[in-house]
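Residue numbers (my numbering): 6 to 322. Beta carbons: idealized from backbone N, C-alpha and C, even for Gly. All of these numbers come straight from a predicted model, not from anything done at the bench. Data first, discussion second: the structure below is written as structure tokens.
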């Protein structure tokens with residue numbers, strides 16, 4: 006492993022190379038850290054921590070995400086904690102809101118600044134798993150000397166973004182390890198688990214935002230994309246996840262203009278996953294009702310005439 010001075014020299018050399026940022030996302034992040042945020046890769050100041058009052062306000066604003074995420078953080082830590090990894094959940098600005106770590110590792114993680122209240126944004130810490138994941142809105146692995154600050158090069162970080170009910174970025178899920186023997190191959194395995202857990206949190210956060218709606222889940226080949234629509238009893242779309250918004254050309258973030266779900270399902274150039282999901286839901290309701298259309302309609306929360314129209318469109322006899 007390179008010395009601190011060697012790491013600093015390498016970061017500065019690559020970050021100031023005019024063509025490096027175009028060739029490498031890592032180099033682009035180093036350049037942001039150096040030029041845009043005016044950070045020094047050699048600085049040794051501890052990770053900035055916000056005060057208790059400011060943290061309390063952030064916890065209140067993220068209450069729904071924290072509630073649905075808590076059991077998933079526990080489950081993820083059960084999988085990776087024995088290997089010396091800690092699990093962190095942050096808000097959209099990179100401030101750690103919740104963490105999970107084994108008792109034996111707590112002191113180490115707190116010393117590293119991996120604890121609630123710590124600010125791991127790129128503006129504060131330069132290139133790192135949490136901050137760069139948020140800055141680029143994508144899953145990422147920052148392994149040891151890929152960090153901007155020399156003092157962070159002993160850790161590996163695996164992160165995935167979490168998107169809210171209106172398609173907006175609401176946080177990041179992080180697994181960090183300061184073990185010297187952690188390999189890049191092992192990091193990739195952990196990264197896959199982090200991405201799946203982040204998707205689960207997104208799905209549950211979306212469902213919590215539309216408690217009275219029927220949620221349609223689409224088939225998709227993208228294991229990381231949550232493809233959900235929330236519709237009211239009249240099949241008017243109330244909300245869509247970020248993946249669904251991209252698939253159907255809806256507004257990337259914010260409230261969705263009212264439109265019938267059938268307007269989306271009927272697009273020839275759109276994915277067929279929602280149609281499959283809707284057809285499966287109708288068939289399940291009819292099967293449970295023993296073929297009684299009126300009873301199946303009540304189960305689905307729609308009118309009998311609406312169900313007949315849907316059956317005709319979905320080619321259900």
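For residue i, which residues in the same chain have their Cβ closer than 8 angstroms to its Cβ, ignoring the five residues on either side in sequence?
i	result
residue 245	172, 233, 234, 235, 253, 255, 261
residue 242	234, 235, 236, 261, 263, 264, 265, 266, 269
residue 319	280, 283, 284, 287
residue 67	96, 102, 175, 176
residue 305	219, 286, 287, 290, 312
Can you list, in chain order, the residues of its chain with a C-beta nearer than 7 angstroms to that of residue i? Leave out the 5 residues immediately preceding and following it.
i	result
residue 212	220
residue 156	49
residue 55	100, 122, 124
Would DSSP call residue i helix, strand or coil?
i	result
residue 160	coil
residue 76	helix
residue 232	coil
residue 38	helix
residue 186	coil
residue 86	helix
residue 22	coil
residue 256	coil
residue 44	coil
Please report the distance separating the alpha-carbon of residue i from that of residue j.
i	j	result
residue 18	residue 217	55 angstroms
residue 144	residue 160	17 angstroms
residue 12	residue 74	36 angstroms
residue 299	residue 239	16 angstroms
residue 135	residue 80	20 angstroms
residue 39	residue 193	27 angstroms
Are there 16 or more other CB atoms within 10 angstroms of the CB of residue i, so buried, or fewer, so exposed?
i	result
residue 48	exposed
residue 259	exposed
residue 41	exposed
residue 109	exposed
residue 31	buried
residue 206	buried
residue 204	buried
Pull the bridge partners of residue i from the DSSP assignment, please.
i	result
residue 168	174
residue 69	Paired residue(s): none; residue 69 is not in a bridge.
residue 123	54
residue 244	235
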